[in-house]
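**Student:**
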Amino acid sequence: MNKFEDNITRLDEIVKKLEDGNAALDECVALFEDGVKLTGECIKMLDDAEQKIKLLVKNNDGEVSETDFVQNDA
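FYI, the numbering for the sequence shown is 119 to 192, going by the numbering used here.
(1) Tell me, to the nearest whole angstrom, how far the beta carbon of Gly153 is from that of Ile132; I am working on the premise that it is less than 8 Å.
(2) Which residue comes first and which comes last in the beta strand (DSSP E) that contains Asp179?
(3) For Asn125, which residues from the same chain have a beta carbon less than 7 Å from its beta carbon, with the 5 sequence-adjacent residues on both sides left out?
(4) Less than 6 Å between C-beta atoms, sequence neighbours within five positions excluded: which residues of the same chain meet that for Val175?
(5) Using alpha carbons as the reference points, say which of Leu136, Cys146, Leu164 lies closest to Thr120.
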């Protein structure tokens, strides 16, 4: 698994522990903080991946369109 999938798996574990309702308040706060951190990392990874896949291209009329990124192997 890569880091993204690891983060999603950990987030799933956190949600289950929080939904269970058996954790102490301090543990819930720590789990929540960890979940927020992991969510931020996942969002950044998704944003980075999207930037690798999509490019914004401005045409001669000044309009901006989105196009797929094509990497040329030179």
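Here a beta-carbon is modelled for each residue, glycine too, at the ideal position from N, C-alpha and C. None of the values given here were measured: they were computed from a predicted structure.
**Tutor:** Straight from the coordinates:
(1) In the sequence shown, the residue the question calls residue 153 occupies position 35. In the sequence shown, the residue the question calls residue 132 occupies position 14. Contact flag correct, Cβ pair sits at about 5 Å.
(2) Here residue 179 refers to the residue found at position 61 of the sequence shown. Here Asp179 belongs to no beta strand (DSSP E), and DSSP marks it neither H nor E.
(3) The residue labelled residue 125 in the question sits at position 7 within the sequence shown. Hits under 7 Å: Leu156, Glu159, Cys160.
(4) Position 57 of the sequence shown holds residue 175. Closer than 6 Å at the Cβ level, and outside the excluded window around Val175, lie Ser183, Thr185.
(5) Taking the first residue of the sequence shown as position 1, residue 120 is located at position 2. Looking at the sequence provided, one finds Asn at residue 120 rather than Thr. Selected option, being the one with the closest Cα: Leu164.
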